[in-house]
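Position in the sequence shown (first residue = 1) + 366 = the working numbering.
In this text, a Cβ means the ideal position worked out from N, Cα and C, and glycines have one as well.
These notes are about the structure you will find just below.
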Amino acid sequence: MKKILSYIIALALPVLVATSCTDVLDQQSVDSFNQEVVFSDINVVKAYLGKCYDRLGGIQNSTTMTSDNNGVLGMREDLLSSATDQTLCIHRPSNYGNLKGTLSPDQLGYFANTGYAGFLRWPHLYSNIQNINNILANIDAVPTTTAPDNLLKTRLKGEAYFLRAYEYATLLMTHGGVVLRSEPWTLDEDYSTTTRSTLAQTKDFVLADIDQAINILKDYNMEQGRATAAAAAALKSRVLLFCASKLTNGGYEASNPLVSFPAGSQTALLQAARDAAKDVMDGKYGTFSLVGSTADPVLPLTQAQIQSYSDTYFNIFNQKGKWNSETIWAIQYPLTGGNVNRANIWFGPCGYHNWGNNDPTEPAVRSFEMADGTPFVWDKYSPGDQYLRTATAAELQADPYRNPYYGREPRFYAIVLYHGAPWQARPSDAAAFDPYNKVQTGHFYNPDGTLKVQGVDSRQGLIEAWNGTKTGYYIKKFMDPATAGQYYYNTNHWVEFRYAEILLNYAEACIELGGADLQPGLDALNMVRNRAGLPDRVTTDQAEARAFLRHERAIEFFGEGHRWYDLRRWMEFGNVVEDVYEMKVKEFTNGNFEWKLDLTAKADARSWASDKYYWLPIARDEMNKAPQLQQNPGY
């Protein structure tokens, strides 16, 4: 690895680390951007652009401005879902300042300029934008003499437009209107007059880049992993839906053009979001479809059918080779180099020598429906008691639904590991504790109530208890049953854009428009439900349809990062944030069970202190570099 860019500017510090895959990159580090070297060979430009892919999403994994290749976009040890009500980061929960009342320009936690394992970071986003702008400003001058090289040059421009659109879209969806720049910054520029553009101007800039990418890339049959016209179209759908939402249309600081569109904009934005999703659905940029059956299932489902639907969903996130029909764009993790995926060790149970991070919370677990599409009801057998369930062996034999994890919808079994859930064979030093290869988040008791043995996957177990779950659950989604996380990296992809998102984006835009659009929106929503083995939602009421849609997004995209954006778009954080407690399970040797939500000790204290947290602040050191930048409201 050779550093060929260390380009200090007022708003960001772009750093490019390029793989020494060609002689021209095998050189000593230099103190300034070596334009002559990089733009002398189109293949070097391709390598340069490749490192821009690696840094998408404002990612930083070390205390320098470079990356240690420990994750990209959503796949990382500490998930963005732990900034929501879905999961708990057990190792560094204080870094999610939006849930702690601590988020400020001086204390951004994971959104800060420095520190461990950050994401969505302003300077890193601008650093990558600077690199991309360098490419767009200089690529036309790169000498090419063959038709394939000429085609490659044009294609790389299209990819660069997509990458810049992705970075600016991220800035828009985290900060609102931002500093827009289509040319590289230079060291001798005067930044004292640099200002933020409005939200509307930022949206237009992003859409222009997306359209440029689409217009170029639609004529190319891209190699898997590189940006495509379909990926750009999916980004367009995502951005427009964000822009069409409550937050950006008068929900917070309606008169502030940095965070809100002019009054009366929402309907047109919803129509644009609907149409952008429909373009993808109509096959304008390629043929995509949900994997699995989209027929309304015949109920009741057998256990085998539940497992089949669950496997179909789970395997979307366990792809390792050619993408399936649902995948529009994904990040790949070859073991030969580049970014790495360590999902099994990051998320897996401690009894497998894994780190047990991003544990599903109890409210999230209860939000999964039953297999017949009815709501799960915790107090079904003891009305009014939301904290305790008990069942004898005889009761469970007569009615297995007394077990709260029995008969749930198929996606539950693809997403959540609970006490008694089947998982991998144990490592040799743990096999004696678990001969049945089932997750042990609870403890085992004698009939008289005395403790027999502590669960090997609990925080009282004998293997790396400090990595044990704090909620009583582990996240199964994203892990690979064939990978021993203790020893090996994962090779399954991170799916950034998939067809289910397009369908639910379309559904939401249609439902919000209402009227004649409502039923087409429900039809799209029901395709996603049917693929998961759930029956159709039926309603003519817009508010009920909206609730259906929001529930479906929470389940379908569990852990994928959408929830943080969705709760902000809808301005719903204040209605869902609550303290986190652990579900404690007692399994008795006579077959009796007890499930109890332990309110005696908080696993994590959480609160929603202010609606200002719907937007990230600009860090203090960035404001010091350019004091004329206007801070986001409330900070």
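Measuring alpha carbon to alpha carbon, tell me which residue in the options is nearest residue i.
i	options	result
residue 498	507, 514, 526	526
residue 879	911, 866, 904, 861	911
residue 598	970, 612, 608, 583	583
residue 870	419, 442, 603	603
residue 729	718, 839, 464	839
residue 745	419, 914, 963, 915	963
residue 952	937, 784, 943	784
residue 420	707, 516, 454	707
residue 804	815, 635, 824	824
residue 650	585, 709, 614, 454	585
residue 782	530, 449, 705, 715	715
residue 850	553, 642, 721	721
residue 633	614, 644, 496, 854	614
residue 724	444, 812, 668	444
residue 852	798, 712, 799	712
For the putative contact between residue i and residue j, defined by C-beta atoms under 8 Å, what is the C-beta separation to the nearest angstrom?
i	j	result
residue 610	residue 579	In fact, because the Cβ distance is near 21 Å, the residues do not count as touching under 8 Å.
residue 542	residue 998	7 Å
residue 440	residue 926	6 Å
residue 692	residue 864	5 Å
residue 768	residue 762	6 Å
residue 682	residue 690	7 Å
residue 456	residue 836	5 Å
residue 559	residue 545	The pair is not a contact, with the Cβ atoms about 11 Å apart (cut-off 8 Å).
residue 831	residue 471	At roughly 38 Å, the Cβ-Cβ gap does not stay under 8 Å, so residue 831 and residue 471 are not in contact.
residue 908	residue 877	7 Å
residue 954	residue 813	6 Å
residue 562	residue 996	6 Å
residue 788	residue 719	Not quite, the Cβ-Cβ distance comes to about 19 Å (not below 8 Å), so this is no contact.
Label residue i either buried or exposed according to how many other C-beta atoms from any shown protein chain fall within 10 Å of its C-beta, with 16 as the threshold for buried.
i	result
residue 983	buried
residue 833	buried
residue 688	exposed
residue 626	buried
residue 590	exposed
residue 452	buried
residue 402	exposed
residue 795	exposed
residue 664	exposed
residue 414	buried
residue 743	exposed
residue 904	exposed
residue 941	exposed
residue 976	exposed
residue 621	exposed
residue 600	buried
Measure the C-alpha to C-alpha separation of residue i and residue j and round it to an integer number of angstroms.
i	j	result
residue 858	residue 502	32 Å
residue 775	residue 980	32 Å
residue 652	residue 889	21 Å
residue 969	residue 945	8 Å
residue 737	residue 902	13 Å
residue 568	residue 494	17 Å
residue 607	residue 592	24 Å
residue 475	residue 469	7 Å
residue 701	residue 618	45 Å
residue 646	residue 564	28 Å
residue 680	residue 747	31 Å
residue 535	residue 694	18 Å
residue 994	residue 555	15 Å
residue 913	residue 819	43 Å
residue 950	residue 966	11 Å
residue 801	residue 684	26 Å
residue 596	residue 822	45 Å
residue 549	residue 574	15 Å
residue 490	residue 516	31 Å
residue 972	residue 464	9 Å
residue 538	residue 790	41 Å
residue 943	residue 828	33 Å
residue 530	residue 874	26 Å
residue 392	residue 406	For residue 392, the pLDDT reaches just 30, beneath the cut-off of 50, and the residue's location in the model is therefore unreliable, although a value from the coordinates is still provided. Roughly 14 Å between the two C-alpha positions.
residue 477	residue 1001	15 Å
residue 881	residue 990	49 Å
**OP:** Report yes or no: do the stretch 801–816 and the stretch 951–968 share at least 3 C-beta pairs separated by less than 8 Å?
**Re:** yes
Original post:
Would the stretch 886–899 and the stretch 642–662 be scored as touching if the rule is three or more Cβ pairs under 8 Å?
Top reply: yes
Subject >> At least three beta-carbon pairs within less than 8 Å, the stretch 452–468 to the stretch 514–533 >> reply: no
Original post:
With contact counted as at least three CB pairs below 8 Å, one residue from each stretch, are the stretch 663–683 and the stretch 764–778 in contact?
Top reply: yes
Original post:
Would you say the stretch 398–412 touches the stretch 503–513, given that touching needs at least three Cβ pairs under 8 Å?
Top reply: yes
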